[in-house]
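Engineer: Once you've had a glance at the structure underneath, I'll fire off some questions.
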Amino acid sequence: EMRGTTPDAATAEGLLGNVRSTRPQHLTAKQIIDKTARHFQIDSKEMCSSKRDKYIATPRQIAMYLLRSELHMSFPRIAQELGRKDHTTAIHSVNKIEKAIKLDLTIREQVAEIREKLYA
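Next up, the structure:
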């Protein structure tokens with residue numbers, strides 16, 4: 003019991019044990035894009051291309067969602083990271099994946115698996 007006292011570093015360490023954040027200190031946009039691409043077995047360069055095929059569009063949208071949710075990146079910056087001209091594409095993608103996570107088990111599982119890989 004420590005009422006009325008301020009713990010020093012050693013006391014705090016003893017009370018908390020080895021509690022550590024499971025998230026890496028410096029997660030980057032490149033890591034999110036690369037791990038998302040790898041998860042879907044596509045080249046990360048394709049994620050940044052202008053291709054609109056579904057096999058690329060869905061992973062790109064998931065990457066945009068993860069950039070927003072994990073790095074709190076602005077929509078213009080997300081668009082820039084993925085080679086899009088307009089930030090409204092990023093807004094649409096993030097909204098679409100947020101909705102899909104609630105309704106589509108496959109998307110929910112894919113996002114969870116990629117998150118797990120990001121923090122492994």
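Here the sequence shown is numbered in the numbering used here, starting from 3 and rising by one per residue.
Every residue, glycine too, gets a C-beta built ideally from N, C-alpha and C.
1) Distance, Cα to Cα, serine 23 vs lysine 53?
2) Express the C-alpha separation of methionine 49 and glutamine 33 in angstroms, rounding to a whole number.
3) For lysine 53, which of helix, strand or coil comes out of DSSP?
4) Thinking isoleucine 99 and isoleucine 44 are a contact (beta carbons under 8 angstroms), I'd like their distance in whole angstroms, please.
5) Using the rule of at least 16 other Cβ atoms within 10 Å of the residue's Cβ for burial, across every protein chain shown, is tyrosine 67 buried or exposed?
6) Which of the three DSSP states is assigned to alanine 114 in this structure?
7) Nearest-angstrom Cα distance between valine 113 and aspartate 88?
8) So, is serine 76 buried or exposed, given that buried needs 16 or more other C-beta atoms within 10 angstroms?
9) Tell me the DSSP secondary structure of arginine 86 in three-state form.
Structural biologist: So, from the listed chains and residues:
1) Within the sequence shown, residue 23 is the residue found at index 21, counting from 1. Within the sequence shown, residue 53 is the residue found at index 51, counting from 1. With a pLDDT of 48 at serine 23, under the threshold of 50, the modelled position of this residue cannot be trusted; read the value that follows with caution. Rounded to the nearest angstrom, the two C-alpha atoms are 37 angstroms apart.
2) Counting from one through the sequence shown, the residue named residue 33 turns up at place 31. Counting from one through the sequence shown, the residue named residue 49 turns up at place 47. Looking at the two C-alpha atoms, the distance is approximately 13 angstroms.
3) Here the question's residue 53 lines up with position 51 in the sequence shown. Per DSSP, reduced to three states, the secondary structure at lysine 53 is coil, with no helix or strand assignment.
4) In the sequence shown, residue 99 corresponds to position 97, counting from 1. In the sequence shown, residue 44 corresponds to position 42, counting from 1. By a beta-carbon distance limit of 8 angstroms, isoleucine 99 does not contact isoleucine 44. Their separation comes to about 17 angstroms.
5) By 1-based counting over the sequence shown, the position of residue 67 is 65. Counting Cβ neighbours within 10 Å, tyrosine 67 comes out buried, since at least 16 surround it.
6) Looking up residue 114 in the sequence shown gives position 112. Assignment of alanine 114 by DSSP, reduced to helix, strand and coil, places it in the helix class.
7) The residue given as residue 113 occupies position 111 in the sequence shown. The residue given as residue 88 occupies position 86 in the sequence shown. Within the model, the alpha-carbon separation for valine 113 versus aspartate 88 is close to 24 angstroms.
8) Here the question's residue 76 lines up with position 74 in the sequence shown. Serine 76 counts as exposed, since fewer than 16 other C-beta atoms from the protein chains shown sit within 10 angstroms of its C-beta.
9) The residue given as residue 86 occupies position 84 in the sequence shown. Three-state DSSP puts arginine 86 in coil, outside helix and strand.
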